[in-house]
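Protein chains in written order, with my numbering: chain A, 342 to 826; chain B, 342 to 826.
The beta carbon of each residue, even a glycine, is placed where N, CA and C say it ideally should be.
Okay, here's the thing in structure tokens:
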């Protein structure tokens, strides 16, 4: 149930006077009930009207686009721990100030610094050809060029099942291809090649690992991404091939003749770095101790300008917070926007934030994150207490007009960063974009501004202002929900 | 008019005997006329039947695909004058032999050797970012890194109109974007940025040139290609930016603050090289001194594996020649397939071939070239004598079933290489592919096998066997046509 604070209905000065006349109690009670019904009806209408107006404004707004264009052009790629990462933090602080946030601050986040200095690979036999590769994040260096024969496995399971003798001293090639789906489910099916492959290859005695990029495109642009930080042992030097390069190797391997490759990765961990979660708040219209938490991550990989991952999310949560704060009457609760540090290399920002703020869980009404690009949002999921269902019904009604349906098949996860607070009890809502195209671009040099469709970005913004306005106006609590991994 | 040589109708042994009986002359004449009509009717039907069968075979054939897969995987990129170019020549000779060509030989082609050793560019201000560029073919080296402020012009005309004082010492950025059309006409509208831009920039005192890639994609993959070899003066060091990089610069330039760039191209001409036109012939069924000339170029740029430019053309003309030669009865005329050397850097193979073979013009029936990828062929054009129109009518009829219409709006050009023989009088036919997608891939690292659609390649092959069979069976001459530039 939504009860917006409305200047005309929040107070009834006639009420106290009438209450003194006990003679008219029944009439007064009747009047009060009728007034209440009328007031409720009016405020529901007013709420709907505000939301429709907000959505219309979002659907005509260039704010998210302009923020995204600024971040991707002025800062560009901003890999965690790099010089550009510091520039991004400064950009985020300055931008929050210029957007009029009531409070802006930063919270330090430390992590091991991983560097990509150079990376090269060549096919040696049957002919010399450059292979388009990129080192996986967290990969060690090859320590100069290494050469070896490829041994191909369709899946990580096949590699795990192989005898060490056949793998020993070779370069493992994991060839499984990611499926393209609207839900992005193909990612979970193949990402273990990247996250666990380097460790499994090491255990089998391989000298290095090449994986087919975990991506759905056919571009000559490999997909980077982090290898797991929580596996036993040490990983082998590991890189991803572009899909066309992997296809080419598959043809050559089908000839049953040895395929030899040279790999030279000058990459690796070197000391530690500190970046910052950038936090900004808009107050609500009531003096309440709970706020809505909106999140996105500020860092990107180094290959592209991080427009879809996650510049779009940064732009969307900033713009949504600003549009809602600009209303003649803000919603009751405030908004906290967190632009997380170093999501890409291990969710450092999100984990650090949850560690620091777990004790403040009661200060959050609900959380949501944008980190799946900015193609059209087509569904939303929730993880809330049943008592808040009426608020979600209102949300569902208003998201429907944007082509977004509620999906009850599974609970919301809250995203990589905000999801860390979900693990300790924060209720969350997920707005899910159509991910069909996302994994064409994800973690590649092709992640640039031109890949964001301005109309889709506006549809996202309309969904975010709807979510923010409705939740921030709630008079019922959404959580806390059960702690969960 | 087509008159296929048919064992059953070419000779009439009964004829001479009957001719001796003058008494039966009228009857004989009548019989002869009737036999002739029947024979003609039968041969037209037989021709149609052969063509329909050939097309069906082509539409089910994997031959072109297999040839293309072999060339792009076993040889890969094959820039003229490189080690891989020699391997490609050997591959072509071996492949022609294994396809059963009756004669195979090579003809040397010499040209200046241009080398790409390394190429890098960075944005320096307002922030440090890598720029994805590739040197233009024929560009000189920067002789180490050079740094300068960008000065942007929308078109080459605008640069030409600019005062030297404002261009002097700057890095010119030509930003016009190529239009995407089915006919590929956008190429001619923007390619002067690449071909003439480096000279115009030099005349204006610029230190270097960056152009927006002459390409229609939005990938982070720049398009190389040759600068003109016939302009007065010397060109400045020149490179192409990927479209997203050009977009990014345009946003930064709109801020009215200086944009500085570092460019480091280690490229340039170094001595000369010799490659080879690879020539193969299949004889016809009659002992005639004219043959059909089919051409494609064997070299590619170095960035991709040259699948669409022009591996597909190589595979198509080889496969078409083989399928037609495999018929129980070959067409009357033979086929000469020429796989030209170094088209990319200045049509060296085509020009060399025409110089050597101009004197043999009478030995060619007609010519045709495949060098626009392998998306669906949708139209054909001709440059022939009017007397050959009936043959073209038959061709039109049979191409129609493949979705290909005759276009009479302009004459055929014969392509870059075969067109050199057209200039001295060779009649030609153009089979035009839908070029909408071609300039997404043209001269980029993305020109790889996966970009070729196997069904479209088969449609191309069906068109090529139709063209070859019908023209090689002609009893009328298609030319010579007027000499023209």
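Check	Outcome
Any C-beta of chain B under 8 Å from that of residue 416 of chain A	yes
Cutoff 8 Å: residue 561 of chain B Cβ touching any chain A Cβ	yes
Residue 505 of chain A, enclosing alpha helix (DSSP H) - first and last residue	505-508
Straight-line gap, residue 632 of chain A to residue 625 of chain A (C-alpha atoms, nearest Å)	8 Å
DSSP state of residue 672 of chain B mapped onto helix, strand, coil	coil
With 16 other Cβ atoms within 10 Å as the buried cut-off, status of residue 808 of chain A	buried
Inter-residue spacing [alpha-carbon to alpha-carbon] between residue 380 of chain A and residue 738 of chain A	With a pLDDT of only 41 at residue 380 of chain A, under 50, the local geometry of the prediction cannot be trusted, and the value read off the model is given with reservation. Cα to Cα, the separation comes out at about 21 Å.
Pick from B:770, B:741, B:748 that is closest to residue 754 of chain B, judged by C-alpha positions	B:770
8 Å contact criterion, which residue 819 of chain B and residue 707 of chain B should meet: CB distance rounded	4 Å
Residue 813 of chain A to residue 523 of chain A span [Cα, whole Å]	30 Å
Residues, ordered as in the chain, of the segment 456-480 of chain A that lie near chain B by beta-carbon distance below 8 Å	464, 467, 468, 469, 470, 471, 473
Unbroken stretches of the beta strand (DSSP E), 3 residues or longer, contained in the segment 563-587 of chain B	579-582
Segment contact, 8 Å Cβ cut-off, at least three pairs: the segment 647-654 of chain B with the segment 586-606 of chain B	no
Element boundaries [alpha helix (DSSP H), containing residue 552 of chain A]	Where residue 552 of chain A is concerned, there is no enclosing alpha helix (DSSP H), although the beta strand (DSSP E) it sits in stretches over 549-553.
Per-residue burial, residue 396 of chain A [other beta carbons within 10 Å of its own, 16 or more giving buried]	buried
Assigned exposure category for residue 430 of chain A - 16 Cβ within 10 Å defines buried	buried
Residue 827 of chain A versus residue 799 of chain A: straight-line alpha-carbon distance, rounded	In the structure as shown, chain A starts at 342 and stops at 826, and residue 827 of chain A therefore has no counterpart that could be examined.
Burial state of residue 703 of chain A, where buried means 16 or more other Cβ atoms lie within 10 Å	exposed
Supposed contact pair residue 577 of chain A and residue 549 of chain A - C-beta distance, whole angstroms, cut 8 Å	5 Å
As assigned by DSSP and simplified to three states, the class of residue 910 of chain A	Outside the shown range of chain A, which is 342 to 826, sits residue 910 of chain A, and nothing can be said about it.
Every unbroken beta strand (DSSP E) inside the segment 639-690 of chain B [3 residues or more]	675-681
Alpha-carbon to alpha-carbon, residue 733 of chain A and residue 749 of chain A	12 Å
Closer than 8 Å to chain A by CB, residue 718 of chain B	no
Neighbour flag for residue 593 of chain B against chain A, beta carbons, 8 Å	yes
Neighbour flag for residue 646 of chain A against chain C, beta carbons, 8 Å	In the displayed structure, chain C is absent; the protein chains listed are A and B.
Straight-line Cα distance separating residue 469 of chain A from residue 768 of chain B	40 Å
Chain-ordered chain B contacts of residue 735 of chain A [CB-CB under 7 Å]	In chain order: nothing, as chain B lies at least about 39 Å away.
Residues within the segment 397-411 of chain A neighbouring chain B, beta-carbon criterion of under 8 Å	410
For residue 458 of chain B and residue 608 of chain B, the rounded distance between their alpha carbons	6 Å
DSSP state of residue 539 of chain A mapped onto helix, strand, coil	helix
Alpha-carbon spacing of residue 663 of chain A relative to residue 693 of chain A, whole angstroms	26 Å
Separation of residue 675 of chain B from residue 687 of chain B, as counted between CA atoms	29 Å
Residue 479 of chain B - DSSP class collapsed to helix/strand/coil	coil
Cα-Cα separation between residue 440 of chain B and residue 462 of chain A, rounded to whole angstroms	34 Å
CB contact check: residue 820 of chain B to chain A, cutoff 8 Å	no
The segment 782-793 of chain A: positions lying closer than 8 Å to chain B by Cβ	785, 786, 787, 789, 790, 791, 792
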